[in-house]
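Taking this note's numbering, the leading residue of the sequence shown gets 1, the next gets one more, and so forth. Glycine is no exception: its CB is placed at the ideal position from the N, C-alpha and C atoms. No experiment lies behind these values; they were computed from the predicted model shown.
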Amino acid sequence: MAHKTSDALSHLSEAQLHSRRTELAGQFGEVASAVRGSLHRQARRCGKEGCRCARGELHGPYVYLSMRSGRRRGLVYIPSQLAEEVGRRVELTSRVEAALAEISAINLELLARGQLD
Ligand SMILES: [Zn+2]
């Protein structure tokens, strides 16, 4: 996929590369709110005897963030009132990461043409 991207970039003029790079960098405005991971919904059994969940009516669904941070990885419970905002931030973060990867590819393409800026 990275190969495909750099192939596409090689057909652009330097002015187009600069303009695409500026457009991508414009998505970084809210970068301080980054949350990396993915959201999942899970229904659960509580394990209490006689509870409705024992008959298959599970509790939830509850929202979890599947995350990796350095060497830590795991599921983080997200209270339902925060789920929408966390979801928005997760989406923003993957957009920013994709934009950063593309900016780097653009800069490598410019570098291959002998001009980094
Ligand atoms: Zn239960």
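query	result
Beta-carbon proximity of L133 to Y77, cut-off 9 Å	Shown here, the chain extends from 1 to 117; a query on residue 133 therefore has no answer.
Contact set for S33: own chain, Cβ-Cβ below 6 Å, skip 5 residues either direction	R89
Residues that L65 bridges to, as DSSP identifies them	L39 and V76
First and last residue of the uninterrupted alpha helix (DSSP H) at L119	This structure leaves residue 119 out entirely; the chain is present only between 1 and 117.
Which listed residue (Y62, S66, E49 and R45) has its alpha carbon closest to that of G56	R45
Alpha-carbon to alpha-carbon, R113 and R72	40 Å
Of the residues L108, Q27, G37 and L9, the one placed nearest V86, counting alpha carbons only	G37
Reduced DSSP secondary structure (H/G/I, E/B, other) of R44	strand
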